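Trainee: In the working numbering, the protein residues as written are 1128 to 1273.
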Amino acid sequence: MGQTPAQKAAKAARGQQPKKRPGKAQREAIKRAQAAKKAGGGKPAAKKTAAKKTAAKKAVPLPRGSLRAAYTGTCPACFKDYAKGEVITKVTDGWGHPGCAPRKLSAAEREFARNKARIESGETFRGQKPSDWRRGSSPSNTRPAR
(Lines of atoms letter the chains of each structure in order from A and count residues from 1; the text may use other names and numbers.)
(Lines give C-alpha, C1' and ligand atoms only; values in the text may rest on other atoms or scores of the structure.)
Protein backbone atom coordinates (compact mmCIF):
# COMPACT_ATOMS: atom_id res chain seq x y z
CA MET A 1 0.00 0.00 0.00
CA GLY A 2 1.26 3.50 -0.79
CA GLN A 3 2.41 6.01 1.76
CA THR A 4 1.22 9.55 2.17
CA PRO A 5 3.75 12.38 1.83
CA ALA A 6 3.59 12.94 5.60
CA GLN A 7 4.53 9.31 6.31
CA LYS A 8 7.43 9.52 3.85
CA ALA A 9 8.68 12.70 5.54
CA ALA A 10 8.44 11.07 8.99
CA LYS A 11 10.49 8.07 7.78
CA ALA A 12 13.10 10.37 6.27
CA ALA A 13 13.33 12.29 9.56
CA ARG A 14 13.95 9.04 11.46
CA GLY A 15 16.73 8.18 9.05
CA GLN A 16 14.99 5.31 7.28
CA GLN A 17 15.41 5.34 3.54
CA PRO A 18 12.47 4.19 1.42
CA LYS A 19 13.06 0.93 -0.45
CA LYS A 20 14.18 1.41 -4.03
CA ARG A 21 12.94 -0.84 -6.78
CA PRO A 22 15.62 -2.96 -8.44
CA GLY A 23 16.87 -1.82 -11.84
CA LYS A 24 15.98 -3.48 -15.13
CA ALA A 25 19.08 -5.70 -15.15
CA GLN A 26 18.38 -6.85 -11.59
CA ARG A 27 14.72 -7.61 -12.39
CA GLU A 28 15.75 -9.71 -15.40
CA ALA A 29 18.30 -11.61 -13.30
CA ILE A 30 15.64 -12.31 -10.67
CA LYS A 31 13.21 -13.56 -13.34
CA ARG A 32 15.87 -15.87 -14.83
CA ALA A 33 16.67 -17.28 -11.39
CA GLN A 34 12.97 -17.89 -10.66
CA ALA A 35 12.49 -19.56 -14.05
CA ALA A 36 15.50 -21.84 -13.42
CA LYS A 37 14.11 -22.71 -10.00
CA LYS A 38 10.71 -23.62 -11.49
CA ALA A 39 12.35 -25.71 -14.24
CA GLY A 40 13.72 -28.10 -11.66
CA GLY A 41 17.30 -27.02 -11.09
CA GLY A 42 19.70 -29.16 -13.15
CA LYS A 43 17.14 -30.46 -15.68
CA PRO A 44 17.18 -28.70 -19.04
CA ALA A 45 14.13 -26.54 -19.69
CA ALA A 46 13.95 -27.61 -23.37
CA LYS A 47 12.60 -31.07 -22.54
CA LYS A 48 9.82 -29.67 -20.41
CA THR A 49 8.73 -27.16 -23.03
CA ALA A 50 8.75 -29.88 -25.72
CA ALA A 51 6.55 -32.04 -23.50
CA LYS A 52 4.17 -29.14 -22.96
CA LYS A 53 3.98 -28.50 -26.72
CA THR A 54 3.10 -32.12 -27.49
CA ALA A 55 0.51 -32.11 -24.73
CA ALA A 56 -0.97 -28.91 -26.17
CA LYS A 57 -1.01 -30.48 -29.66
CA LYS A 58 -2.99 -33.45 -28.38
CA ALA A 59 -5.45 -31.23 -26.51
CA VAL A 60 -6.51 -29.41 -29.71
CA PRO A 61 -9.40 -31.24 -31.41
CA LEU A 62 -8.68 -32.41 -34.95
CA PRO A 63 -10.94 -31.58 -37.91
CA ARG A 64 -13.53 -34.23 -38.74
CA GLY A 65 -12.14 -37.11 -40.80
CA SER A 66 -8.49 -36.41 -40.02
CA LEU A 67 -5.90 -37.89 -37.69
CA ARG A 68 -2.26 -37.60 -36.73
CA ALA A 69 0.23 -39.54 -38.84
CA ALA A 70 1.59 -42.63 -37.09
CA TYR A 71 4.68 -42.52 -39.33
CA THR A 72 6.21 -40.32 -42.01
CA GLY A 73 4.83 -40.50 -45.53
CA THR A 74 4.24 -38.69 -48.80
CA CYS A 75 1.05 -36.88 -49.83
CA PRO A 76 -0.24 -38.49 -53.07
CA ALA A 77 -1.76 -35.20 -54.26
CA CYS A 78 1.21 -32.82 -53.96
CA PHE A 79 4.06 -35.37 -53.53
CA LYS A 80 5.44 -33.54 -50.48
CA ASP A 81 6.47 -35.41 -47.33
CA TYR A 82 4.62 -35.18 -44.02
CA ALA A 83 6.19 -35.92 -40.63
CA LYS A 84 5.10 -38.28 -37.90
CA GLY A 85 2.45 -36.59 -35.73
CA GLU A 86 1.34 -34.15 -38.44
CA VAL A 87 -2.40 -33.86 -39.15
CA ILE A 88 -3.41 -35.82 -42.26
CA THR A 89 -6.74 -36.62 -43.92
CA LYS A 90 -8.09 -38.96 -46.59
CA VAL A 91 -7.10 -37.82 -50.10
CA THR A 92 -8.20 -39.43 -53.38
CA ASP A 93 -5.39 -42.03 -53.49
CA GLY A 94 -4.59 -42.42 -49.78
CA TRP A 95 -3.67 -40.12 -46.90
CA GLY A 96 -2.19 -36.63 -47.24
CA HIS A 97 -2.35 -32.97 -46.27
CA PRO A 98 -5.80 -31.58 -45.38
CA GLY A 99 -5.28 -28.75 -47.90
CA CYS A 100 -4.75 -31.26 -50.72
CA ALA A 101 -8.05 -33.07 -50.13
CA PRO A 102 -10.93 -32.21 -52.47
CA ARG A 103 -13.46 -29.93 -50.83
CA LYS A 104 -16.89 -31.44 -50.21
CA LEU A 105 -19.71 -29.41 -51.75
CA SER A 106 -22.91 -28.58 -49.90
CA ALA A 107 -26.28 -29.67 -51.32
CA ALA A 108 -26.93 -26.17 -52.72
CA GLU A 109 -23.51 -26.06 -54.40
CA ARG A 110 -24.08 -29.50 -55.95
CA GLU A 111 -27.48 -28.46 -57.31
CA PHE A 112 -26.04 -25.23 -58.71
CA ALA A 113 -23.25 -27.13 -60.48
CA ARG A 114 -25.77 -29.63 -61.88
CA ASN A 115 -28.04 -26.86 -63.22
CA LYS A 116 -25.08 -24.98 -64.69
CA ALA A 117 -23.96 -28.08 -66.55
CA ARG A 118 -27.49 -28.62 -67.92
CA ILE A 119 -27.67 -25.02 -69.16
CA GLU A 120 -24.21 -25.17 -70.77
CA SER A 121 -25.04 -28.43 -72.56
CA GLY A 122 -28.32 -27.02 -73.97
CA GLU A 123 -30.45 -29.54 -72.09
CA THR A 124 -32.73 -26.94 -70.48
CA PHE A 125 -36.22 -25.94 -71.60
CA ARG A 126 -35.01 -22.86 -73.43
CA GLY A 127 -32.48 -24.90 -75.35
CA GLN A 128 -35.12 -27.34 -76.64
CA LYS A 129 -38.00 -25.05 -77.64
CA PRO A 130 -37.71 -22.30 -80.26
CA SER A 131 -38.88 -18.85 -79.19
CA ASP A 132 -42.31 -17.72 -80.37
CA TRP A 133 -41.68 -14.04 -79.65
CA ARG A 134 -41.89 -11.60 -82.54
CA ARG A 135 -39.56 -8.69 -82.65
CA GLY A 136 -41.20 -5.50 -81.38
CA SER A 137 -44.18 -7.28 -79.79
CA SER A 138 -45.08 -8.27 -76.30
CA PRO A 139 -45.48 -11.93 -75.33
CA SER A 140 -49.28 -11.59 -75.47
CA ASN A 141 -49.17 -10.60 -79.16
CA THR A 142 -47.22 -13.65 -80.29
CA ARG A 143 -48.56 -15.88 -82.95
CA PRO A 144 -48.44 -19.63 -82.52
CA ALA A 145 -45.23 -21.31 -83.63
CA ARG A 146 -45.48 -23.07 -87.00
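Just so you know, even glycine gets a beta-carbon here, dropped at the ideal spot from N, CA and C.
Being a predicted model, the structure only gives us computed values, none of them experimental.
The beta strand (DSSP E) spanning K1217 covers which residue range?
Mentor: Position 90 of the sequence shown holds residue 1217. Residues 1214 to 1218.
Trainee: Hey, quick one: how far does the alpha helix (DSSP H) through S1233 stretch, first residue to last?
Mentor: Position 106 of the sequence shown, counting from 1, holds the residue named residue 1233. Note, S1233: premise wrong, no alpha helix (DSSP H); not H, not E.
Trainee: Mind checking who R1241 pairs with in its DSSP beta bridge?
Mentor: Within the sequence shown, numbered from 1, the residue matching residue 1241 stands at position 114. Looking at the DSSP assignment, R1241 forms no beta bridge with any residue, so it has no partner.
Trainee: Return the bridge partner residues of S1248 from the DSSP annotation.
Mentor: In the sequence shown, counting from the first residue as 1, residue 1248 sits at position 121. S1248 is not bridged to any residue.
Trainee: Under 6 Å Cβ to Cβ from E1213, same chain only, skipping five residues before and after it: list those, please.
Mentor: Your numbering for residue 1213 matches position 86 in the sequence shown. Contacts found: A1196.
Trainee: Identify the continuous alpha helix (DSSP H) that holds R1141 and give its terminal residues.
Mentor: On the sequence shown, position 14 is the one that residue 1141 refers to. Where R1141 is concerned, the enclosing alpha helix (DSSP H) stretches over 1132 to 1141.
Trainee: In the DSSP assignment, what are the bridge partners of Y1209?
Mentor: Reading the sequence shown from its first residue, position 82 is the one you call residue 1209. BP columns for Y1209 point to G1200.
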